[in-house]
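Chains as they are written, first to last, in this note's numbering: chain A, 195 to 297; chain B, 99 to 331.
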């Protein structure tokens, strides 16, 4: 199952890249194509943020991950590099769990 | 190359600047790959599966999405579809990179794989002469590919050695990775509105739909928003 997901996901992502190289550049003149391609990653990544932070199966929970997300946003506002943002979130969540302050 | 006679070489100072930027972007992606490798392995992928993703998929947001949806119990189809939808933007980049690179055969197949956010941005940031744009594309693509894969391997091996990762806050690290990817795209009100709508839809649908589907539903928000903006203008 994991290999199937890895290989199918990889194949589809590569096909998208190759198709881009084969289609005429005039496809870009279509305004809707341009807009969808700009907005799609934003909508998907925002959805992934909240699901990854608040979902546990089908229920919504408020646990150490939320505190980690807040810490990450503060780090981003302070223009921290990627690894720092990720580490700050992980350390915040792990710290709260170790202290027994959050699940 | 068909532009043979009028081909202009890249001036040496510009070439040096591009090279150092390409290496810098590669180093940044190395750090990002460390976290990807660690997170993927602690979510249950093997070191080989994790590495295969960085070689074959080679597009960070899709890789994180696949791991995140699988980890949340979203199942194979939702995980793969989310990765595809996120990876589709590379095809859009390819539309503008193909006429620039004018690569054929194997070079084109390799160029397509290296078409990602970073290489496209560097090519577009150095438009003139075209040889500089091509050099920016290839140097950034190769630099990111090498360092992304090295970082993935080190992160994956590190996580495999550590053992129980849930106490390390790696679930929070995935949230942080997504918000860090999203952050630079939130440049205007439209982007904020789409992000909030996508997040809201996913949140509301989480208790109703099975894991994996709420994120896919957010893709519809992007399509709807694009159509609505088109009608308004």
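Using N, Cα and C, we set each Cβ at its ideal position, and we do this for glycine too.
This one's a predicted model, so the numbers in the text were calculated from it and none came from an experiment.
CA-CA distance, residue 142/B to residue 260/B, rounds to 13 Å. For a cut-off of 8 Å, the C-beta gap from residue 261/A to residue 290/A is around 6 Å, short enough to register as a contact. Residue 275/A and residue 217/B have their C-alpha atoms some 19 Å from each other.
Between residue 131/B and residue 246/B, the gap from beta carbon to beta carbon is short of 8 Å. DSSP places residue 155/B outside any alpha helix (DSSP H), giving it a letter other than H or E.
With a cut-off of 8 Å on Cβ pairs, the segment 270-286 of chain B is not in contact with the segment 213-221 of chain A, counting fewer than three such pairs. Between residue 312/B and residue 245/A, the C-beta spacing is below 8 Å. Within the segment 242-288 of chain A, the complete alpha helix (DSSP H) segments at least 4 residues long are 258-271, listed from N- to C-terminus.
Taking the CA atoms as reference points, residue 232/A sits about 26 Å from residue 125/B.
Close to residue 254/A, with beta-carbon spacing below 9 Å, are these residues of chain B in chain order: 301, 304 and 305.
A Cβ-Cβ separation of about 7 Å places residue 135/B in contact with residue 249/B under the 8 Å criterion.
In chain order, 267, 270, 271, 273 and 274 make up the part of chain B whose C-beta sits under 8 Å from the C-beta of residue 283/A. Residue 181/B reaches chain A at 199, 202, 203, 204, 206 and 207, counting residues in chain order whose Cβ is nearer than 9 Å.
Between the alpha carbons of residue 229/B and residue 107/B lies a gap of roughly 6 Å. In this structure, residue 317/B sits near residue 183/B, with a CB-CB distance shorter than 8 Å.
Taking the beta carbon of residue 213/B as reference, the chain A residues within 8 Å of it are 211, 214 and 215, listed in sequence order. At a cut-off of 8 Å between beta carbons, residue 272/A makes no contact with chain B.
Non-local beta-carbon contacts of residue 284/B in its own chain, meaning distances under 7 Å to residues more than five positions away in sequence, involve 290 and 293 in chain order. Pairing residue 242/B with residue 123/B gives a Cβ-Cβ distance under 8 Å. For residue 325/B, the enclosing alpha helix (DSSP H) has its first and last residue at 311-330.
If you ignore the 5 residues before and after residue 256/B, its C-beta comes within less than 7 Å of the C-beta of 136, all in its own chain and listed in chain order. In the structure shown, residue 195/A falls within a coil segment according to DSSP collapsed to helix, strand and coil. Shown here, residue 305/B sits in coil according to DSSP, grouped into three states, outside any helix or strand.
Put simply, the CB of residue 190/B is near chain A, with a gap under 8 Å to one of its CB atoms.
The shortest C-alpha to C-alpha distance from residue 155/B to any of 236/B, 300/B and 214/B is the one to 214/B. Taking C-alpha positions only, residue 110/B is separated from residue 127/B by approximately 26 Å. The C-beta of residue 197/B comes closer than 8 Å to at least one C-beta of chain A. DSSP places residue 295/A in the coil class of the three-state scheme, outside both helix and strand. Counting only Cβ-Cβ distances below 9 Å, residue 130/B has contacts in chain A at 276, 277 and 280, in chain order. 8 Å or more divides the Cβ of residue 158/B from the Cβ of residue 225/A.
For the set 212/A, 238/A, 257/A and 273/A, the Cα lying nearest the Cα of residue 269/B is the one of 257/A.
Each of 178/B, 150/B, 189/B and 238/B was checked against the Cα of residue 115/B, and the nearest Cα belongs to 238/B. Not flagged as an interface residue toward chain B: residue 294/A, since no C-beta distance is shorter than 8 Å.
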